[in-house]
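> Taken in order, the sequence shown gives residues 1 to 564; the numbers are from UniProt numbering. Below is the structure I would like to discuss, written out as structure tokens.
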Amino acid sequence: MLKLTVNFIICSIGSSRLLCVYLCVALLWRVCGFKDLTFMRFLYKSLTGVIKMASAAKKPKLSTAATSLSNGISSKSNDIEEFMKKLQAKREETAVSILEYKFNKKRVRIVSQEQMVPDNCEGVVYWMSRDSRVQDNWAFLFAQKLALKNEVPLHVCFCLIAKYLDASVRQFDFLIKGLEKVAADCKKLNISFHLLEGSGDEVLPQWVVKHNIGAVVCDFNPLRVPLGWLEGVKKKLKKDVPLIQVDAHNIVPCWVASEKQEYSARTIRNKINSKLGEYLTEFPPVIKHPYTAKFEPEPIDWDEAIVSREADKNVGPVDWARPGYDNALKMLKSFLDQRLKVFATKRNDPTKDALSNLSPWFHFGQISVQRVALCIQEHKGKHTESVNAFLEEAIVRRELADNFCFYCEHYDSIKGASNWAQKTLDDHRKDKRSHIYTLEQLAKSETHDDLWNSAQIQLLKEGKMHGFLRMYWAKKILEWTPTPEDALKYSIYLNDHYSIDGRDPNGYVGCMWSVCGIHDQGWAERAVFGKIRYMNYEGCKRKFDIKAFIARYGGKVHKYVPKK
Numbered sequence: 001m002l003k004l005t006v007n008f009i010i011c012s013i014g015s016s017r018l019l020c021v022y023l024c025v026a027l028l029w030r031v032c033g034f035k036d037l038t039f040m041r042f043l044y045k046s047l048t049g050v051i052k053m054a055s056a057a058k059k060p061k062l063s064t065a066a067t068s069l070s071n072g073i074s075s076k077s078n079d080i081e082e083f084m085k086k087l088q089a090k091r092e093e094t095a096v097s098i099l100e101y102k103f104n105k106k107r108v109r110i111v112s113q114e115q116m117v118p119d120n121c122e123g124v125v126y127w128m129s130r131d132s133r134v135q136d137n138w139a140f141l142f143a144q145k146l147a148l149k150n151e152v153p154l155h156v157c158f159c160l161i162a163k164y165l166d167a168s169v170r171q172f173d174f175l176i177k178g179l180e181k182v183a184a185d186c187k188k189l190n191i192s193f194h195l196l197e198g199s200g201d202e203v204l205p206q207w208v209v210k211h212n213i214g215a216v217v218c219d220f221n222p223l224r225v226p227l228g229w230l231e232g233v234k235k236k237l238k239k240d241v242p243l244i245q246v247d248a249h250n251i252v253p254c255w256v257a258s259e260k261q262e263y264s265a266r267t268i269r270n271k272i273n274s275k276l277g278e279y280l281t282e283f284p285p286v287i288k289h290p291y292t293a294k295f296e297p298e299p300i301d302w303d304e305a306i307v308s309r310e311a312d313k314n315v316g317p318v319d320w321a322r323p324g325y326d327n328a329l330k331m332l333k334s335f336l337d338q339r340l341k342v343f344a345t346k347r348n349d350p351t352k353d354a355l356s357n358l359s360p361w362f363h364f365g366q367i368s369v370q371r372v373a374l375c376i377q378e379h380k381g382k383h384t385e386s387v388n389a390f391l392e393e394a395i396v397r398r399e400l401a402d403n404f405c406f407y408c409e410h411y412d413s414i415k416g417a418s419n420w421a422q423k424t425l426d427d428h429r430k431d432k433r434s435h436i437y438t439l440e441q442l443a444k445s446e447t448h449d450d451l452w453n454s455a456q457i458q459l460l461k462e463g464k465m466h467g468f469l470r471m472y473w474a475k476k477i478l479e480w481t482p483t484p485e486d487a488l489k490y491s492i493y494l495n496d497h498y499s500i501d502g503r504d505p506n507g508y509v510g511c512m513w514s515v516c517g518i519h520d521q522g523w524a525e526r527a528v529f530g531k532i533r534y535m536n537y538e539g540c541k542r543k544f545d546i547k548a549f550i551a552r553y554g555g556k557v558h559k560y561v562p563k564k
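In structure tokens form, the structure reads like this:
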């Protein structure tokens, strides 16, 4: 009877605050004269439990902090946690570990002559470079496979250089803060993470000798400088230590997709799409490693790692793109929930929020393109056109860019253009330019074109530029600089210096397409451009509301004063 009375009171107070607990307890104590402390404890716990439940029901729901370029990421933290759990469950359903998974050996290239891991070694190392993540990483998985098979500890090394091409602190900040999260993930999995100061060919071979490492697994990068590091490590490693490369960046490994430089998307599309059934598969998990290293990693001062880079500190981090796999998943979730449905129809409109905005995380390998493609595919029944359009860009066009940079030595030079393009640019080399701008004027958005200036301001402020405007932007640089060589040099510098995803095959191919006609065809001949595809202000007007874009970024018309 007494408990029924208590339950009635509990139901009556509903969501009242903590004061009600004390009032009710005091009232029952006084009126009923309770002496049973056990019952009073039951009463107190019951009342406080109901109040907590009621308060939780009315508590406002908090959104996560990561923001997209316009409306922000609205995915709630609980949603992201569930998303992460769902992805991990898929990995675990695929295999218990990489040992139980049938690894596709075509993802692997043996760089060294030696292939076998020495019996007396004390570890395997994954030399992380292009793909800064733990899960959904074929190179990481292959390294763990070797370590588990040989029953030795697994290490991860990242070789951090002081200066890289035209990168600014903006890019180093994104990279290093992402690596800090990778190190934390590795620690949870009993995998040692090491940040080595210097390029791979300078510091990795001696580290391998010092710690008796039996194999080096690295990821794949088609660019000139990383390929040079790879060649240097190959020469300096002990002959009995295998050096193995795994393409963890592309879905179809670059060397499998094609054995030659492809002319265009048309010539590589079927080569890639016909292989997706074999390569676009679910990942097994990287698991907690059962073998512990005999030595501790050197402590890392992450803040010092950023400030000690020899990079332009005036170009700092941006708020909308926060590094790490967790933030990449937030951006992906917001794309799936909010923007994928309009991607097919609105992706070429710079005034609309229709893009995935994932390029920074793709560039640094903080999320796998393959993982994103698997997630996007799940929406094909509902958003067929958008899914097809996204997969064309994320798979075919991206892998075409890697193909070009891997097979073309001059991927950032006029020498890398097709013969017809080199000829037409040379034929029009001496054509009179209506405007000539210096690199400094371009960087400061000081041209007569308010749309171009607004696009440049977007690049400076946000560390990215809308894809459609990147084409217009680079083609105008060709029109406003003394030579095609200057145009290519300036466009690559500005992209590499300010864009978070600069120094990337996609960036080089984008500039080469705009200036040199790579992966394009000849068009009607005109001054300066020759047969290179032309784009102009009026054409942009027909495509989207340029006034709205200019109003957003504030590009002004600067009076042109010809230099004498």
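Even glycine gets a Cβ: it sits at the ideal position worked out from N, Cα and C.
Quick one: what's got a C-beta closer than 8 angstroms to Val396's C-beta in the same chain, skipping five residues either side?
Stepping through the sequence shown from its first residue, residue 396 is reached at position 396. Contacts found: Ala265, Ile268, Arg269, Ile272 and Asn273.
> Who are the near neighbours of Glu262 in its chain, counting only those whose CB is closer than 7 angstroms to its CB and skipping five residues on each side?
Counting from one through the sequence shown, the residue named residue 262 turns up at place 262. Cβ neighbours of Glu262 beyond the five flanking positions: Ile268, Leu400 and Asn403.
> Would you tell me roughly how many angstroms separate the C-alpha atoms of Ala321 and Ala524, rounded to the nearest one?
Taking the first residue of the sequence shown as 1, we reach residue 321 at position 321. Taking the first residue of the sequence shown as 1, we reach residue 524 at position 524. Each residue's Cα considered, the two are about 40 angstroms apart.
> Please specify which runs of the alpha helix (DSSP H), each continuous and at least 4 residues long, are wholly inside the stretch 410 to 462, giving them in chain order.
With a minimum length of 4 residues, the continuous alpha helix (DSSP H) runs that stay inside the stretch 410 to 462 are 419 to 427, 439 to 443 and 450 to 462.
> With distances taken between CB atoms, is the gap from Lys163 to Arg309 smaller than 9 angstroms?
Numbered from 1 along the sequence shown, position 163 holds the residue referred to as residue 163. Numbered from 1 along the sequence shown, position 309 holds the residue referred to as residue 309. Against a cut-off of 9 angstroms, the Cβ pair of Arg309 and Lys163 comes out as a contact.
> Are the CB atoms of Ser132 and Gln422 within a distance shorter than 9 angstroms?
By 1-based counting over the sequence shown, the position of residue 422 is 422. By 1-based counting over the sequence shown, the position of residue 132 is 132. Cβ atoms of Gln422 and Ser132: not closer than 9 angstroms.
> Under the three-state reduction of DSSP, which class applies to Gly530: helix, strand or coil?
By one-based count along the sequence shown, residue 530 stands at place 530. The answer is strand: DSSP assigns Gly530 an E or B state.
> The alpha helix (DSSP H) that contains His194, what's its start and end?
The residue given as residue 194 occupies position 194 in the sequence shown. First-last for His194: Ser192 to Glu197, but that is the beta strand (DSSP E), not the alpha helix (DSSP H).
> I need the DSSP call for Tyr126, collapsed to helix, strand or coil.
Position 126 of the sequence shown, counted from the first residue, corresponds to residue 126. Here Tyr126 sits in strand by DSSP.
> Determine whether the beta carbon atoms of Tyr279 and Arg130 lie at a separation below 9 angstroms.
Along the sequence shown, one-based indexing puts residue 279 at 279. Along the sequence shown, one-based indexing puts residue 130 at 130. Not a contact, by the Cβ cut-off of 9 angstroms.
> Any idea what DSSP makes of Leu355, helix, strand or coil?
If you number the sequence shown from 1, residue 355 lands on position 355. Residue state, collapsed to three classes: coil.
> Helix, strand or coil, according to DSSP, for Arg542 in the structure here?
As a first step, residue 542 is located in the sequence shown; it is residue number 542 there, counting from the start. If DSSP states are grouped into helix, strand and coil, Arg542 belongs with the helices.
> With DSSP collapsed to three states, give me the class of Leu160.
If you number the sequence shown from 1, residue 160 lands on position 160. Strand.
> Taking Val252 and Lys275 to be in contact with their CB atoms under 8 angstroms, please state how far apart those CB atoms are, rounded to whole angstroms.
As a working note, residue 252 is residue 252 in the sequence shown. As a working note, residue 275 is residue 275 in the sequence shown. The pair is a contact, with the Cβ atoms about 5 angstroms apart (cut-off 8 angstroms).
> For Ile213, which option in Lys238, Val225, Trp229 and Phe193 has the closest C-alpha, if you only look at C-alpha atoms?
Translated into positions along the sequence shown, residue 213 becomes position 213. Nearest of Lys238, Val225, Trp229 and Phe193 to Ile213, Cα basis: Lys238.
> Grab me the residues of Arg371's own chain with a C-beta within less than 6 angstroms of its C-beta, minus the 5 sequence neighbours each way, in chain order.
Here residue 371 refers to the residue found at position 371 when the sequence shown is read from its first residue. Excluding residues within five positions, the ones whose Cβ falls inside 6 angstroms are Asp136.
> Per DSSP, what kind of secondary structure is Arg109 in: helix, strand or coil?
Working through the sequence shown from its first residue, we reach residue 109 at position 109. Note: Arg109 maps to strand in three-state DSSP.
> Quickly, what does DSSP pair Asp219 with across the bridge? List them, please.
The residue given as residue 219 occupies position 219 in the sequence shown. DSSP output for Asp219 lists Val246 as bridge partner(s).
> With DSSP as the reference, label His383 as helix, strand or coil.
Counting from one through the sequence shown, the residue named residue 383 turns up at place 383. Note: His383 maps to coil in three-state DSSP.
> What's the call for Pro60, buried or exposed, on a 16-neighbour Cβ count within 10 Å?
Residue 60 sits at position 60 when you count from the first residue of the sequence shown. Low confidence applies to Pro60: its pLDDT is 30, below 50, so where it sits in the model is not reliable, and the reading given next is rough at best. Exposed, since its Cβ has fewer than 16 Cβ neighbours within 10 Å.
> Under the three-state reduction of DSSP, which class applies to Leu494: helix, strand or coil?
Sequence index remark: in the sequence shown, residue 494 carries index 494 (1-based). Correct three-state label for Leu494: helix.
> With a Cβ-Cβ cutoff of 9 angstroms, do Ala389 and Asp247 count as a contact?
In the sequence shown, residue 389 corresponds to position 389, counting from 1. In the sequence shown, residue 247 corresponds to position 247, counting from 1. Not a contact, by the Cβ cut-off of 9 angstroms.
> For Leu329, does the three-state DSSP call read helix, strand or coil?
Here residue 329 is taken as the residue at index 329 of the sequence shown, counted from 1. In this structure, Leu329 counts as helix in the three-state DSSP scheme.
> Going by the beta-carbon positions, is the gap between Phe172 and Ile300 smaller than 9 angstroms?
Counted from its first residue, the sequence shown places residue 172 at position 172. Counted from its first residue, the sequence shown places residue 300 at position 300. Their beta carbons are not under 9 angstroms apart, which means Phe172 does not touch Ile300 by this criterion.
> Where does Leu154 sit, in a helix, a strand or coil, going by DSSP?
For the purposes of this step, residue 154 is taken as the residue at position 154 of the sequence shown. Strand at Leu154.
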